[in-house]
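Notes follow once the structure below has been shown.
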């Protein structure tokens, strides 16, 4: 019998290392026909901002080689709507329900985090630091050590539960950014968010996305994600949650060997809506076949 | 209730640029409403990473079979059109909302353009079951693009337009002479967006209730990714979940 429990610290304990990534799993409700949520370590619900956002115009998606680009633009109805309408429907799911929090100003992040802090059944926030900071010319908070230090430390002051910080891969030195987030008070780090990309329709000589550029995800980003998880896990002391192109249990094992304590399934949910539970099952089988008594024994077990 | 199910190709028929696939499941089919669609897994090649949303063309509950009428447009539909007898294909179905069923006495017009005629076949069959005999107005580039016409004619009166005049009246569906001497209570449209918008304009002028079926580009098909949104009077909504069928009053056309 393999012990699959993963303790990410500060009150966030997963029954297995498999979570679903924000923006790919709705509020969990969309998947209950396909997935027994109690078989997952956790779900991270749609990126939420303090105020409602309409998101970007259509077209928001372009398929690419083994992946897809999106420029959804954080369409959501705001934190208060989440608290009033969605939270009562999902709070009793038999899994950890994390909320992904985004903002375009420091004040929005802080106010949003304060409001989420009061929700008993949300054990953690995943802080999306890839959003443009409107007061800093639209540069993302999470691409400089100063920016990430500021947003994480301010949220840390008001948020008293597990604070997971989701890192942007669109940086020169991911380890430096990770260390800054750790020093500012993050309890764990999840990576990677989408890679900035672009697609063109040559026949029409036009971009395929309304915003021209968008976030790349899917199987194609896995090698980049794996490399970044490995680089970050080597330097930080807090747990790392790996994501980026994970499509099966072997991919999940690779991320854990590279140093991830848990993983998230993202775009693969679109291809097989039941993939998350299959990965959880496959991870357990891998541990059994390779005589790992605990899933935690896989973490960082890469032989180099 | 939605499901991920493996089907086997039971039969295929070629119609020039399109193929009709009859798919059988080992399990009992879930209830499928006319206008709903399936998200079809292609083959996992690098160029066909995502599923393809395809409308459900026909349903045979007794044999656990459903049919898809697929036009070869891009890489995904080309590969799906290569499926042979016995091949396995995985569907997430049934997805989206269906057409709103009319009242028994309603005079119903179904307007289809190109491959957009596909979902109207199952709809016409279900209407007949409820005692409503629909009128159909089907348009295509040429007579070769109007598939299964004889089968549609069994479901009700059919009017045809082709752009090259090779069958029926020459021109677009909106210019057909039948508009002059027919009256309808409900119009249902599926086809290219400009064609649906043109029919919607006629419906608005004549103050006729009208639903259209959108085909915005999708990823998940179940309302999770928010990629396929349409700008409506209620803001951006997912075509895969709140549609694909929309009343024209809800759209900003």
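Protein chains in written order, with the working numbering: chain P, 100 to 403; chain G, 703 to 955. In this text, a Cβ means the ideal position worked out from N, Cα and C, and glycines have one as well.
Quiz item: So does residue 202 of chain P have its beta carbon nearer than 7 Å to some heavy atom of the ligand NAP?
Solution: Looking at this structure, you won't find the ligand NAP or any other ligand, since it has none at all.
Practice problem: Return helix, strand or coil for residue 891 of chain G, following the three-state DSSP convention. | Solution: Taking the second chain and counting its residues from 1, one reaches residue 891 of chain G at position 189. Reduced to three states, the DSSP call for residue 891 of chain G is strand.
Quiz item: Closer than 7 Å, Cβ to any Cβ of chain G: which residues of the region 170–182 of chain P, in chain order?
Solution: Within the region 170–182 of chain P, 171 and 174 place their CB atoms closer than 7 Å to a CB of chain G, listed in sequence order.
Quiz item: Would a check of beta-carbon distances place residue 938 of chain G closer than 8 Å to chain P?
Solution: For the purposes of this step, residue 938 of chain G is taken as the residue at position 236 of the second chain. True, the Cβ-Cβ gap to chain P drops below 8 Å.
Self-check item: Spatial distance of residue 754 of chain G from residue 739 of chain G (CA atoms)
Solution: Within the second chain, residue 754 of chain G is the residue found at index 52, counting from 1. Within the second chain, residue 739 of chain G is the residue found at index 37, counting from 1. If you take the alpha carbons of residue 754 of chain G and residue 739 of chain G, they lie about 10 Å apart.
Quiz prompt | Any C-beta of chain G under 8 Å from that of residue 370 of chain P | solution = One-based indexing of the first chain puts residue 370 of chain P at position 271. Yes, residue 370 of chain P lies at the interface with chain G (some Cβ there is under 8 Å from its Cβ).
Quiz item: Where does residue 375 of chain P fall in DSSP's three states?
Solution: Within the first chain, residue 375 of chain P is the residue found at index 276, counting from 1. Note: residue 375 of chain P maps to helix in three-state DSSP.
Practice problem: Could you tell me whether the region 179–191 of chain P touches the region 113–133 of chain P, using the rule of 3 or more Cβ pairs below 8 Å? | Solution: yes
Quiz item: Taking Cβ to Cβ, would you say residue 208 of chain P is nearer than 8 Å to residue 281 of chain P?
Solution: Numbered from 1 along the first chain, position 109 holds the residue referred to as residue 208 of chain P. Numbered from 1 along the first chain, position 182 holds the residue referred to as residue 281 of chain P. No.
Practice problem: Note down, in chain order, all residues in the region 911–938 of chain G with a beta-carbon under 9 Å from any beta-carbon belonging to chain P. | Solution: Correct list: 918, 919, 920, 921, 922, 923, 924, 925, 926, 927, 928, 929, 930, 931, 932, 933, 937 and 938.
Quiz item: How many angstroms separate the CA atom of residue 135 of chain P from the CA atom of residue 113 of chain P?
Solution: Here residue 135 of chain P is taken as the residue at index 36 of the first chain, counted from 1. Here residue 113 of chain P is taken as the residue at index 14 of the first chain, counted from 1. Between residue 135 of chain P and residue 113 of chain P, the C-alpha separation is close to 15 Å.
Quiz item: What first and last residue would you give for the alpha helix (DSSP H) that runs through residue 367 of chain P?
Solution: Numbered from its first residue, the first chain carries residue 367 of chain P at position 268. First-last of the alpha helix (DSSP H) with residue 367 of chain P: 367–370.
Quiz prompt | Burial state of residue 304 of chain P, where buried means 16 or more other Cβ atoms lie within 10 Å | solution = Taking the first residue of the first chain as position 1, residue 304 of chain P is located at position 205. Result: exposed.
Practice problem: Look at the alpha carbon of residue 306 of chain P and the alpha carbon of residue 874 of chain G, and state the distance between them as a whole number of angstroms. | Solution: As a working mapping, residue 306 of chain P is identified with position 207 in the first chain. As a working mapping, residue 874 of chain G is identified with position 172 in the second chain. For residue 306 of chain P and residue 874 of chain G, the distance between alpha carbons rounds to 30 Å.
Practice problem: Take residue 726 of chain G and list the residues in its own chain whose beta-carbon comes closer than 7 Å to its own, dropping the five residues that flank it on each side. | Solution: Within the second chain, the letter at position 24 stands for residue 726 of chain G. Within the same chain, residue 726 of chain G has close Cβ partners 709, 710, 712, 765, 766 and 767.
Quiz item: Taking Cβ to Cβ, would you say residue 912 of chain G is nearer than 8 Å to residue 160 of chain P?
Solution: One-based indexing of the second chain puts residue 912 of chain G at position 210. One-based indexing of the first chain puts residue 160 of chain P at position 61. Not in contact: residue 912 of chain G and residue 160 of chain P (Cβ atoms no closer than 8 Å).
Quiz item: Taking the Cβ atom as the reference point for each residue, do residue 919 of chain G and residue 156 of chain P lie within a distance shorter than 8 Å?
Solution: Locating residue 919 of chain G in the second chain gives position 217, counting from the first residue. Locating residue 156 of chain P in the first chain gives position 57, counting from the first residue. No, these two residues do not count as a Cβ contact at 8 Å.
Quiz item: What span of residues does the alpha helix (DSSP H) with residue 778 of chain G cover, start to end?
Solution: On the second chain, residue 778 of chain G is found 76 positions in, with the first residue counted as 1. From DSSP, the alpha helix (DSSP H) with residue 778 of chain G extends over 777–782.
Practice problem: Find the nearest neighbour of residue 866 of chain G within the set G:877, G:843, G:876 and G:839, judged by alpha-carbon distance. | Solution: By one-based count along the second chain, residue 866 of chain G stands at place 164. Checking every option, the nearest Cα to that of residue 866 of chain G belongs to G:843.
Quiz item: Between residue 751 of chain G and chain P, is there a C-beta pair that is closer than 8 Å?
Solution: In the second chain, the residue the question calls residue 751 of chain G occupies position 49. Yes - at least one Cβ of chain P is within 8 Å of the one on residue 751 of chain G.
Quiz prompt | residue 896 of chain G, buried or exposed, once every other Cβ within 10 Å from all chains shown has been counted against 16 | solution = The residue you call residue 896 of chain G lines up with position 194 of the second chain. Residue 896 of chain G should be labelled exposed.
Exercise. Could you spell out the range, first to last residue, of the beta strand (DSSP E) harbouring residue 363 of chain P?
Key: Translated into positions along the first chain, residue 363 of chain P becomes position 264. Its beta strand (DSSP E) spans residues 361–364.
Quiz item: From what residue to what residue does the alpha helix (DSSP H) around residue 280 of chain P run?
Solution: For the purposes of this step, residue 280 of chain P is taken as residue 181 along the first chain, with counting starting at 1. Under the DSSP assignment, residue 280 of chain P falls in the alpha helix (DSSP H) whose first and last residues are 273–282.
Quiz item: What is the rounded straight-line gap between the Cα of residue 242 of chain P and the Cα of residue 270 of chain P?
Solution: In the first chain, residue 242 of chain P corresponds to position 143, counting from 1. In the first chain, residue 270 of chain P corresponds to position 171, counting from 1. Rounded to the nearest whole angstrom, the CA to CA distance from residue 242 of chain P to residue 270 of chain P is 6 Å.
Quiz item: So what does DSSP say about residue 930 of chain G, is it helix, strand or coil?
Solution: Counting from one through the second chain, the residue named residue 930 of chain G turns up at place 228. Three-state DSSP puts residue 930 of chain G in coil, outside helix and strand.
Quiz item: Can you list the residues of chain P that residue 705 of chain G reaches, using a CB-CB cut of under 9 Å?
Solution: Along the second chain, read from residue 1 onward, the residue named residue 705 of chain G stands at position 3. Scanning chain P for C-beta atoms nearer than 9 Å to the C-beta of residue 705 of chain G yields 132 and 133, reported in chain order.
Quiz item: Between residue 157 of chain P and chain G, is there a C-beta pair that is closer than 8 Å?
Solution: Here residue 157 of chain P is taken as the residue at index 58 of the first chain, counted from 1. Yes, contact with chain G.
Self-check item: Contiguous beta strand (DSSP E) assignments of at least 3 residues, all confined to the region 772–854 of chain G
Solution: 790–797, 810–815 and 837–842
Quiz prompt | As assigned by DSSP and simplified to three states, the class of residue 105 of chain P | solution = Position 6 of the first chain, counting from 1, holds the residue named residue 105 of chain P. The three-state secondary structure of residue 105 of chain P, taken from DSSP, is strand.
Practice problem: Could you name the residues of the same chain whose beta carbon sits closer than 8 Å to that of residue 300 of chain P, not counting the 5 residues immediately before and after it, in chain order? | Solution: Working through the first chain from its first residue, we reach residue 300 of chain P at position 201. Same-chain partners within the cutoff: 306 and 307.
Quiz item: Around the C-beta of residue 721 of chain G, are 16 or more other C-beta atoms found within 10 angstroms, so that it is buried, or is it exposed?
Solution: For the purposes of this step, residue 721 of chain G is identified with residue 19 of the second chain, where counting begins at 1. When all chains shown are included, residue 721 of chain G counts as buried.
Practice problem: Mind checking who residue 179 of chain P pairs with in its DSSP beta bridge? | Solution: By one-based count along the first chain, residue 179 of chain P stands at place 80. Its beta-bridge partners do not exist; DSSP assigns none.
Quiz item: Under the DSSP definition of a beta bridge, which residues are partnered with residue 194 of chain P?
Solution: Against the first chain, residue 194 of chain P aligns to sequence position 95. Beta-bridge pairing links residue 194 of chain P to no other residue.
Exercise. Please check the pair residue 314 of chain P and residue 168 of chain P, which I expect to be a contact at CB under 8 Å, by giving their CB distance rounded to whole angstroms.
Key: Sequence index remark: in the first chain, residue 314 of chain P carries index 215 (1-based). Sequence index remark: in the first chain, residue 168 of chain P carries index 69 (1-based). Confirmed, Cβ separation roughly 7 Å.
Quiz item: What are the boundary residues of the beta strand (DSSP E) that includes residue 748 of chain G?
Solution: On the second chain, position 46 is the one that residue 748 of chain G refers to. Looking at the DSSP string, residue 748 of chain G is not in any beta strand (DSSP E), and its letter there is neither H nor E.
Practice problem: Jot down the residue ranges of each uninterrupted alpha helix (DSSP H) in the region 236–310 of chain P, minimum 4 residues, whole runs only, in chain order. | Solution: 244–257 and 273–282
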